[in-house]
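Undergrad: Quick one: the structure is below, and I'll ask about it shortly.
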Amino acid sequence: MSYYCDRYPIIEKKSISKDTFSMTIYAPEPAKAAHAGQFATISAPGFTLRRPISICEFSRSKGTLRFVFEVRGKGTEAISLLNPGDNLDVLAPLGNGFTVPDTARRVILVGGGIGVPPLLALAKKLGDRSTAILGFRDYSRIILADEFEKYGANTAICTDDGSVGYHGLVTEPLSNTLKNVGADLVCACGPMPMLNAIAKVCAENDVPCKVSMEQRMGCGVGACVVCSCLTVRNGQEYYSRVCKDGPVFDAKEVKFNG
Amino acid sequence: MADLSVKIAGVEFPNPVIAASGTYGNGECFTDLYPLSRLGGVSCKGMTIEPKMGNIPPRIAETPSGILNSVGLQNIGVHGFIDYYLPTLKEEGNVIIANVAGATIDDYIAAAEALDNTDVDMIELNISCPNVKAGGATWGVTCEGAASVTKAVRAATSKPLIVKLTPNVTNITEIAKAVEAEGADSISLINTLLGMRIDIRTKRPILHNNVGGLSGPAVFPVAVRMVWQCYNAVKIPIIGMGGISTWEDAVEMMLAGATAIQMGTAIFTDPWSPIKVIEGLNDYMDKNGIKSLSEITGQVKPY
Numbered sequence: 001m002s003y004y005c006d007r008y009p010i011i012e013k014k015s016i017s018k019d020t021f022s023m024t025i026y027a028p029e030p031a032k033a034a035h036a037g038q039f040a041t042i043s044a045p046g047f048t049l050r051r052p053i054s055i056c057e058f059s060r061s062k063g064t065l066r067f068v069f070e071v072r073g074k075g076t077e078a079i080s081l082l083n084p085g086d087n088l089d090v091l092a093p094l095g096n097g098f099t100v101p102d103t104a105r106r107v108i109l110v111g112g113g114i115g116v117p118p119l120l121a122l123a124k125k126l127g128d129r130s131t132a133i134l135g136f137r138d139y140s141r142i143i144l145a146d147e148f149e150k151y152g153a154n155t156a157i158c159t160d161d162g163s164v165g166y167h168g169l170v171t172e173p174l175s176n177t178l179k180n181v182g183a184d185l186v187c188a189c190g191p192m193p194m195l196n197a198i199a200k201v202c203a204e205n206d207v208p209c210k211v212s213m214e215q216r217m218g219c220g221v222g223a224c225v226v227c228s229c230l231t232v233r234n235g236q237e238y239y240s241r242v243c244k245d246g247p248v249f250d251a252k253e254v255k256f257n258g
Numbered sequence: 259m260a261d262l263s264v265k266i267a268g269v270e271f272p273n274p275v276i277a278a279s280g281t282y283g284n285g286e287c288f289t290d291l292y293p294l295s296r297l298g299g300v301s302c303k304g305m306t307i308e309p310k311m312g313n314i315p316p317r318i319a320e321t322p323s324g325i326l327n328s329v330g331l332q333n334i335g336v337h338g339f340i341d342y343y344l345p346t347l348k349e350e351g352n353v354i355i356a357n358v359a360g361a362t363i364d365d366y367i368a369a370a371e372a373l374d375n376t377d378v379d380m381i382e383l384n385i386s387c388p389n390v391k392a393g394g395a396t397w398g399v400t401c402e403g404a405a406s407v408t409k410a411v412r413a414a415t416s417k418p419l420i421v422k423l424t425p426n427v428t429n430i431t432e433i434a435k436a437v438e439a440e441g442a443d444s445i446s447l448i449n450t451l452l453g454m455r456i457d458i459r460t461k462r463p464i465l466h467n468n469v470g471g472l473s474g475p476a477v478f479p480v481a482v483r484m485v486w487q488c489y490n491a492v493k494i495p496i497i498g499m500g501g502i503s504t505w506e507d508a509v510e511m512m513l514a515g516a517t518a519i520q521m522g523t524a525i526f527t528d529p530w531s532p533i534k535v536i537e538g539l540n541d542y543m544d545k546n547g548i549k550s551l552s553e554i555t556g557q558v559k560p561y
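Keeping their order, the protein sequence lines are chains B and D.
Counting in my numbering, the first sequence runs from 1 upward without gaps.
Counting in my numbering, the second sequence runs from 259 upward without gaps.
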């Protein structure tokens with residue numbers, strides 16, 4: 001695994017829902033090295049800290065990386081103001097992505113809100129071996145669902161207000177699917193309470209679960225030890241680095257309330 | 259190519275740019291971009307005699323032109339460092355500086371003794387970490403504390419000793435003089451300035467530790483001022499740090515009195531920044547006919 005840091009041209013930018021942008025860069029070396037579930041840090045013009053943003057898709061043949069990100073503050077807003085023709089200062093690919101054993105025939109991808117994008121690269125890889133359960137606040141926040149379907153994932157949408165699809169949390173359809181059909185692996189990304197709930201459902205159904213964690217980050221490459229996630233291995237609790245040891249962890253190793 | 263080398267306490271650095279403790283791991287994290295040997299040296303992650311778990315996250319917050327951090331010295335312990343990281347550092351890096359922290363004087367002594375017969379080139383005594391309750395900065399904020407820990411560690415090791423000073427004091431020159439008198443070979447400054455950010459929606463501090471250390475370009479003028487004051491107060495060489503992100507900043511810090519510099523937060527903004535500073539210093543020397551960086555150290559012409 002290796003990463004690169006350079007300025008790469010933006011070749012496409014789209015607004016895909018309220019405050020959410022899709023940006024594609026031409027970055028052949030990072031694209032070649034990338035795996036589903038990895039992330040990049042992107043320099044926000046005028047800000048000290050680079051913003052960690054998940055890699056939504058990559059194409060080794062086209063040499064492209066795609067990011068889908070939400071404007072959450074002034075830093076992501078500054079990035080969103082860049083346009084095709086501008087360069088994006090990107091450090092990527094970083095961290096450990098989702099590893100899916102070849103023997104896994106049915107993989108459930110569970111995403112919540114802006115946690116959905118990194119799962120798309122996985123759907124692209126797995127095709128009809130994947131089922132996607134995607135949760136959003138309401139209809140206006142739905143992103144990428146059609147693209148999951150395009151890649152062959154059997155896709156279900158949940159909304160908090162019931163405006164589209166299943167009315168409620170992703171955990172209910174997940175629980176039903178695990179009970180009725182089963183799965184070899186669940187891969188999840190989203191807010192911490194959602195991941196905690198998904199991990200519980202998976203544990204109850206004895207299905208392995210990988211979660212992609214989030215934390216305020218510094219260097220992005222394991223040097224500064226600020227993006228800590230409390231984990232437990234062999235009975236020993238310690239702070240892992242989300243950027244370097246994660247962002248994808250085995251759910252059993254994560255202490256969600258730590 | 260200009261001769262960028264500098265010498266501190268008999269230790270030769272091929273160039274004056276050192277990665278600051280806590281921002282560069284133990285030299286292993288940025289080698290995908292450039293080899294460790296490009297840097298003059300690396301000050302390793304602050305280490306304690308026993309491993310430390312560190313503070314509860316969040317441990318970082320952004321500020322105007324800077325960051326606050328409250329890592330709390332998470333590290334694998336001096337012996338873990340020696341066994342796990344030091345062999346590679348020795349093989350791949352230039353000057354290796356072990357940054358040592360402790361809660362008690364005995365902790366500092368034990369760590370210094372453990373490092374004494376190793377490949378570490380220098381010890382940087384961290385008496386200025388603002389993020390741990392016991393130890394760290396509690397030693398660095400009084401002349402007596404700073405002097406006593408310097409004296410004890412001086413007796414415990416034959417390695418060249420750098421003492422890293424905290425800016426969170428009334429008069430940093432008094433601390434500098436106190437550690438010089440007890441045998442420090444060099445001082446490095448500044449560590450971070452104690453700060454705080456609050457999320458106005460939740461009314462919670464952004465850092466779980468409530469407070470943390472401010473670094474980055476925001477602190478640069480404070481660092482320049484303190485390096486200049488210390489340069490006028492002590493004879494031992496100074497390693498200047500605090501918000502350096504460009505070669506111009508490095509020159510400014512040297513004019514104020516630094517023999518070498520450390521870079522930290524700038525690496526988070528741009529991992530290439532130390533290399534850019536080295537290249538910029540090289541061009542600056544070539545263009546101005548400077549044969550040695552010692553020609554500019556302390557050469558500010560104050561009014």
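Yeah, the Cβ is synthetic: ideal placement off N, Cα and C, and Gly gets one too.
Name the chain B residues whose beta carbon is nearer than 8 Å to that of Cys-287 (chain D)?
TA: As a working note, residue 287 (chain D) is residue 29 in the second sequence. Using a Cβ-Cβ cut-off of 8 Å, Cys-287 (chain D) is close to Cys-219, Val-221, Gly-222, Ala-223, Lys-244 of chain B, given in chain order.
Undergrad: Just checking: is the beta-carbon of Gly-215 (chain B) within a distance shorter than 8 Å of some beta-carbon in chain D?
TA: By 1-based counting over the first sequence, the position of residue 215 (chain B) is 215. One point to set straight first is that residue 215 (chain B) is Gln, not Gly, in the sequence displayed. Yes, Gln-215 (chain B) lies at the interface with chain D (some Cβ there is under 8 Å from its Cβ).
Undergrad: Within 8 Å of any Cβ in chain B, is that where the Cβ of Leu-530 (chain D) sits?
TA: By one-based count along the second sequence, residue 530 (chain D) stands at place 272. Contrary to the premise, residue 530 (chain D) reads as Trp rather than Leu in this sequence. Interface residue, yes.
Undergrad: Classify Ala-319 (chain D): buried if its beta carbon has 16 or more other beta carbons within 10 angstroms, exposed otherwise.
TA: Counted from its first residue, the second sequence places residue 319 (chain D) at position 61. Label assigned to Ala-319 (chain D): buried.
Undergrad: Do we get a CB-CB distance below 8 Å when we pair Val-211 (chain B) with the residues of chain D?
TA: Translated into positions along the first sequence, residue 211 (chain B) becomes position 211. It does not: the Cβ of Val-211 (chain B) has no partner Cβ on chain D nearer than 8 Å.
Undergrad: Which of helix, strand or coil does DSSP assign to Leu-294 (chain D)?
TA: On the second sequence, position 36 is the one that residue 294 (chain D) refers to. DSSP places Leu-294 (chain D) in helix when its eight states are reduced to three.
Undergrad: In chain D, which residues lie less than 7 Å from Tyr-239 (chain B) when you measure between Cβ atoms?
TA: Position 239 of the first sequence, counted from the start, is the residue given in the question as residue 239 (chain B). Chain D residues near Tyr-239 (chain B): Met-311, Gly-312, Gln-332.
Undergrad: Could you tell me whether the Cβ atoms of Ile-445 (chain D) and Cys-387 (chain D) are closer together than 8 Å?
TA: Reading the second sequence from its first residue, position 187 is the one you call residue 445 (chain D). Reading the second sequence from its first residue, position 129 is the one you call residue 387 (chain D). Between Ile-445 (chain D) and Cys-387 (chain D), the gap from beta carbon to beta carbon reaches 8 Å or more.
Undergrad: Can you have a look at Gln-332 (chain D) and say buried or exposed, based on whether 16 or more other CB atoms are within 10 angstroms of its CB?
TA: Sequence index remark: in the second sequence, residue 332 (chain D) carries index 74 (1-based). Buried: at least 16 other Cβ atoms inside 10 Å.
Undergrad: Does DSSP classify Thr-64 (chain B) as helix, strand or coil?
TA: By 1-based counting over the first sequence, the position of residue 64 (chain B) is 64. When secondary structure is reduced to three states using DSSP, Thr-64 (chain B) falls in the strand class.
Undergrad: Taking 8 Å as the threshold (C-beta atoms), are Met-380 (chain D) and Pro-418 (chain D) in contact?
TA: Translated into positions along the second sequence, residue 418 (chain D) becomes position 160. Translated into positions along the second sequence, residue 380 (chain D) becomes position 122. Yes, the pair counts as a contact, with Cβ atoms nearer than the cut-off.
Undergrad: Measuring from the CB of Thr-504 (chain D), is there a heavy atom of the ligand NAD at a distance below 7 Å?
TA: You won't find the ligand NAD in this model; it holds no ligand whatsoever.
Undergrad: Gly-220 (chain B) to Ser-2 (chain B), Cα distance in whole Å?
TA: Working through the first sequence from its first residue, we reach residue 220 (chain B) at position 220. Working through the first sequence from its first residue, we reach residue 2 (chain B) at position 2. Roughly 13 Å separates the two Cα atoms.
Undergrad: Could you give the uninterrupted runs of the beta strand (DSSP E) lying entirely in the segment 149 to 206 of chain B, keeping only those of 3 residues or more?
TA: Secondary structure within the segment 149 to 206 of chain B: the beta strand (DSSP E) runs of 3 or more consecutive residues, fully enclosed, are 154 to 159, 185 to 189 (chain order).
Undergrad: Can you check which of these residues, B:Val-100, B:Val-248, B:Asp-206, B:Tyr-26, is closest to Ser-175 (chain B) by C-alpha distance?
TA: Within the first sequence, numbered from 1, the residue matching residue 175 (chain B) stands at position 175. Checked all of B:Val-100, B:Val-248, B:Asp-206, B:Tyr-26; the closest Cα to Ser-175 (chain B) is B:Asp-206.
Undergrad: Could you tell me which of D:Ala-368, D:Tyr-342, D:Glu-382 sits nearest to Asn-357 (chain D), measuring between CA atoms?
TA: If you number the second sequence from 1, residue 357 (chain D) lands on position 99. Per the Cα distances, D:Glu-382.
Undergrad: List the residues of chain B whose Cβ lies closer than 8 Å to the Cβ of Val-329 (chain D), in chain order.
TA: The residue labelled residue 329 (chain D) in the question sits at position 71 within the second sequence. Simply Cys-224, Val-225, Val-226.
Undergrad: Let me see if you follow: with CB-CB separation under 8 Å, is Thr-76 (chain B) close to chain D or not?
TA: One-based indexing of the first sequence puts residue 76 (chain B) at position 76. Not one chain D Cβ lies under 8 Å of Thr-76 (chain B).
Undergrad: Which chain D residues are close to Arg-50 (chain B), counting only those with a beta carbon under 8 Å from its beta carbon?
TA: By 1-based counting over the first sequence, the position of residue 50 (chain B) is 50. Simply Phe-526, Thr-527.
Undergrad: So, at 6 Å on beta carbons, what are the nonlocal neighbours of Gly-441 (chain D) in its own chain, with the 5 sequence-adjacent residues on each side left out?
TA: Stepping through the second sequence from its first residue, residue 441 (chain D) is reached at position 183. Cβ within range, chain order: Arg-412.
Undergrad: With DSSP as the reference, label Ala-44 (chain B) as helix, strand or coil.
TA: Translated into the one-based positions of the first sequence, residue 44 (chain B) becomes position 44. In this structure, Ala-44 (chain B) counts as coil in the three-state DSSP scheme.
Undergrad: In terms of alpha-carbon separation, which member of D:Met-543, D:Ser-328, D:Pro-479, D:Ser-552 lies closest to Arg-216 (chain B)?
TA: Counted from its first residue, the first sequence places residue 216 (chain B) at position 216. That would be D:Ser-328, whose Cα lies nearest to the Cα of Arg-216 (chain B).
Undergrad: Is there at least one Cβ from chain B nearer than 8 Å to Pro-315 (chain D)'s Cβ?
TA: In the second sequence, residue 315 (chain D) corresponds to position 57, counting from 1. Interface residue, yes.
Undergrad: Can you tell me whether DSSP reads Gln-487 (chain D) as helix, strand or coil?
TA: Residue numbering aside, residue 487 (chain D) sits at position 229 when the second sequence is read from its first letter. Of the three classes helix, strand and coil, the one that applies to Gln-487 (chain D) here is helix, per DSSP.
Undergrad: For Arg-412 (chain D), which of helix, strand or coil comes out of DSSP?
TA: Looking up residue 412 (chain D) in the second sequence gives position 154. Looking at Arg-412 (chain D) - three-state DSSP - the assignment turns out to be helix.
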